[in-house]
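Accompanying notes for the structure given below.
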Amino acid sequence: MKRRLLFVLTLGLMLTLVAAPTLAQDKKVVTVSYTQEPLTLNPLYITQWFAANVVDMLLTPPWFIDDNLQPVAVQVTEIPSTENGGISADGTVMTMKLRDDIKWSDGEPITSADYVFTYDMLMLDKNTVSSRFPWDTKVKSVTAPDATTVVVTFNEPFAPWLTTLFTASPAMPKHALQPIVDKDGTLDTADWNRTLDPGSGAFKLGQWESGSFLSLVPADNFWGGKPKLDEVFFRVVADDGTSQNAALETGDADIGPFLTAADADALEKQGLVTTVTPSGYNEGWFLNVNPETAHPAMLDVNVRKALAMAFNRQKIVDDLLLGKLPVPGSYWEATPYARPDAKPYDYDPEAAKKLLDDAGWVDSNGDGTRDKDGKELELRFIASQRQIRKDVQAVVQQSFAELGIKVETSNYDNFFDTFGEGGPAATGAFDIAEWSQNPDFPDPNSNVFLCSEIPSADNPEGSNWTGYCNEKVDSLLQEQLKTTDTAKRTELFHEIDQQLFDDVVWVGVWYDADIWATTKRVENARYSGADPFWNAINWDVTS
Amino acid sequence: MGRYIIRRLLQAIPLVLLVSLTIFVLLQATGDPLATMGGRSPTRPEDKARLRRQLGLDKPILEQYLYWLIGNDWAKFDLDGDGIAESPGIRYGVLRGDFGTSIVTKQPAMKIIMDRLPNTLLLMVTSEIITLVIALVIGVVSAVRQYSFLDNALSGFSFVAFSMPIFLVGFGLLYIFAVKFREWGLPSLPTGGIFDPKEGRTLNQLVLHMILPVATITIISVAGYSRYIRSNMLEVINSDYIRTARAKGLSERSILYRHAFKNAALPLATLIGLDLPFLLGGAVVTERIFAWPGTGRLFLDHLELLDYSVLMGLLMLITVAVIVFQLLTDLMYTWLDPRIRYS
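Taken in sequence, the protein lines are chains A and B. Just so you know, the first sequence maps onto residues 1 to 543 in this note's numbering. Just so you know, the second sequence maps onto residues 1001 to 1343 in this note's numbering.
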């Protein structure tokens, strides 16, 4: 009897706990569903896009890049330029003037010494930082002539300074971290890497439970004002569409980043607002034009043009991406650096056939495949193991066969390995290779079309895997690196873009932008492609 | 008995070493942790070369294993790439309690694991207890009422549940009880995590968030256990000594629970003993679906990053647990079956 009574009481208690109405609270909370938990918060060690976004709220850079891809001053009094003397006439010195009212969250002032310390930490051999670019190759020194002046001297003019340097690696608090480095010899294991306290953002870390959530709350001493929200809650969810969509559909999450086109479509139907922001990435074909490794047909620009015109890329975008993302006409799609009115080659199989015929590639032996001088038009189309690329390969194989082009497809785990590591793309084992590439977004600088980057035994790390070498493009790419005038640099990129288009060395397949979903209760969320959470201080929720 | 335990533990040492070497070599062969460092872009070649040197990944695999095992504080390394080994190592090795540092989070591997272990144990032990209780009821009832409608219905349920992939059960429950119930205006369950930030972290929230993952694991596990218990019970209740007990006039309850069940439980103890160590590894799929912050999800996340310090720590934890629980199971036999003696 006693046991039964105990059982009933226990059951009753459990049911009461489960069914008890919880107290509604007035806290303004926005929940962001995150399919990747940050591995660290220290920008020096970050490799994840997801982690970098959280850091935007905890540690401010000198300037944010806003949703129009324009710089917005945060720690500096103004954005350096040649006009205000922030950039020297020869482009080799960049000077930042810091505000005199900026403070770490513990009340200590943020000074130029913190910037020099950050540079020192990037270059310290005992720190296993994720990347030293561009500090190791482009920067000669970082100095602090006074408490509010930071001077960066380059080895040679370095135009991409605006979106690299301290924008990617914001200043760290020297007063808090120097003692740790003095004691341990490294920052690698500092607790600060997982708290960023003291920080310099509008928010500070409230709590972080590994594998579950991060909670950010308004920080103290932020000079830009108080956030409108009481908490931003990052909920770690599974990286499959189902769990993330369920959280967004039910209101368990308010913001969902990095969605697939299919998930975005499903969420739109549930009443969520979707936003597409440029990421700099474009999925595209890199056509091998290296005479030593490419099929002879690939060396003829008209054959390459025929390939671009023979492939119905809009249909791929419509079928596989539900038409959410356009076919890019430029390697710099959706940025000011794309040539004006950039359009992709039209799908025109008849024109493609004519180009091939005119180039001498005809089916002379009646085997269904075009040939020339005894060489069959059989092309190697390679990609990584990503499923959507395999789908594209299958469609291309079928549609090209109708034009008399035989396509052999291959997929590799080590697709991105360098020439030195024997990577299939780097060693030129392809005629068409598909991957998603971005320049130094949001800066347009790119090395992948430079002659000096063609990989070889002497240059095993070279990044120009197409083997493309055009003197005009090469010279323009070198010139833009030294051009500090933004308008002039933009014009240079328009020229480069046009030449790449005419030479058909890169063919855009889809614009690989980031897609966000937001519930209608969230207000003022303006995601930037470069610093997505740059205006989190202004986020709000409707009552 | 004491000598037996010591002998078993000594025998386990070479086994653990062999397992650790095998796992270490296999993990290293899985891929290059520096290929992307978990990011969106391939790692820059200059950074890859520097990190390989700094993290000691440029050393031969057996040398890396040796450092993992006994540490590297007795050797010097070239961190700045000038060809001169100038910096002493900082690792003590697992034999001195240092499981290494995560390549990606830079935290001690064992700390990362221990942060997650309580969550996994909470989920898995709860699921295991509920599974055993339900499986015992189903197994015993099915055996006692063999071929009745109830037995057939429970057997049918068991076969269906046993055949279903766990992700289907997980997503099915998520879709019905979290998404659809909310859509229909019914009281619904949360989609994942361990509490709702708007409500705060309470016992109520924890219980609510545990319901779906526990139910998922239980549905899958209960099927196998109940079939096992049913067949053992059937074997025992048809044996001679049960018939004798009945002939002596003992009550059915006494026969069933005092005589039949204890003997039927002996093989079950083996099964539970084998299963328990794997509870530490968590429920990989379920934890992922319901965003449960346990070791299962940790393993998957760090496997994608090829973060071998954490992976080695987790796998060695399970290896040691398997050996210990097997020993405990063997020892439990002596309590369950007095005929068994170890010397």
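Don't be surprised by glycine CBs; every beta carbon is placed ideally from N, CA and C.
- According to the DSSP assignment, A/Trp208 belongs to the beta strand (DSSP E) that extends over 203–209.
- Among the CB atoms of chain A, one or more fall inside 7 Å of the CB of B/Lys1106.
- Within its own chain, the residues whose Cβ lies closer than 6 Å to the Cβ of A/Ser410, once the five positions on either side in sequence are excluded, are Ile382, listed in chain order.
- Per DSSP, the unbroken alpha helix (DSSP H) holding A/Ile316 starts and ends at 313–320.
- Between the alpha carbons of B/Thr1329 and B/Ala1321 lies a distance of about 12 Å.
- A/Ala247 belongs to the set of residues whose beta carbon lies under 7 Å from a beta carbon in chain B.
- Annotation: Cβ neighbours of A/Asn193 in chain B (cutoff 7 Å, chain order): Lys1106.
- For B/Val1160 and B/Val1169, the gap between their C-alpha atoms comes out near 11 Å.
- Between the beta-carbon of B/Leu1051 and that of B/Leu1069 there is about 22 Å, and that puts the pair past the 8 Å contact cut.
- Boundaries for A/Asn524: no beta strand (DSSP E) harbours it, and the DSSP string shows neither H nor E there.
- Residues of the segment 1194–1207 of chain B with a Cβ closer than 8 Å to any Cβ of chain A, in chain order: Ile1194, Asp1196, Pro1197, Lys1198, Glu1199, Gly1200, Thr1202, Leu1203, Asn1204, Gln1205, Val1207.
- DSSP, read as helix, strand or coil, puts A/Asp265 in helix.
- Setting aside the 5 residues that flank it on each side, B/Ile1061 is surrounded in the same chain by Phe1024, Val1025, Gln1028, each with a C-beta closer than 8 Å to its C-beta; the list follows chain order.
- For the pair of segments examined, the segment 243–260 of chain A was found not to touch the segment 1295–1306 of chain B: the number of CB pairs separated by less than 8 Å stays below three.
- Sequence-distant Cβ neighbours of B/Phe1099 in its own chain, meaning closer than 6 Å and more than five residues away, are Ala1109, Met1110, Gly1313.
- The three-state secondary structure of B/Asn1152, taken from DSSP, is helix.
- Taking all protein chains shown into account, A/Ala394 has fewer than 16 neighbouring C-beta atoms within 10 Å of its C-beta and is therefore exposed.
- Taking 7 Å as the cut-off, the Cβ atoms of A/Arg99 and A/Thr77 count as close.
- Scanning the segment 1252–1328 of chain B from its first residue to its last, the whole alpha helix (DSSP H) runs of 4-plus residues come out as 1261–1279, 1284–1289, 1295–1304.
- By the neighbour-count definition (other C-beta atoms within 10 Å, threshold 16), B/Ile1340 is an exposed residue.
- 7 Å or more divides the Cβ of A/Asp182 from the Cβ of A/Thr128.
- Under the three-state reduction of DSSP output, B/Met1233 falls in the helix class.
- Among the CB atoms of chain A, none fall inside 7 Å of the CB of B/Asp1073.
- Taking a cut-off of 8 Å on C-beta distances, the segment 329–348 of chain A does not touch the segment 388–408 of chain A, as fewer than three cross pairs fall below it.
- Per DSSP, A/Ala433 is one residue of the beta strand (DSSP E) stretching across 432–437.
- When DSSP states are grouped into helix, strand and coil, A/Lys482 belongs to the helix group.
- Note on A/Asp512: 16 or more other CB atoms within 10 angstroms of its CB, so buried under the neighbour-count rule.
- Straight through space, the alpha carbons of A/Ser33 and A/Ala238 are spaced by roughly 9 Å.
- Under the 8 Å Cβ criterion, the segment 196–205 of chain A counts as touching the segment 54–68 of chain A, having at least three qualifying pairs.
- Per DSSP, B/Tyr1147 lies in no alpha helix (DSSP H) and is assigned neither H nor E.
- A/Lys103 and A/Val217 have their C-alpha atoms roughly 17 Å apart.
- The alpha-carbon separation between A/Asn365 and A/Asp371 amounts to approximately 8 Å.
- For A/Asp319, the closest alpha carbon among the candidates A/Trp534, A/Trp510, A/Ala73 is that of A/Trp510.
- Just measuring C-alpha positions, the residue of A/Lys97, A/Pro328, A/Gln178 sitting nearest A/Asp146 is A/Lys97.
- In this structure, A/Asp497 sits away from A/Ser279, with a CB-CB distance that is not shorter than 7 Å.
- Cβ-Cβ distances below 8 Å link A/Leu267 to Asn245, Leu248, Glu249, Gly256, Leu259, Thr274, Ala517 in the same chain, with the five nearest sequence neighbours on each side left out; the list follows chain order.
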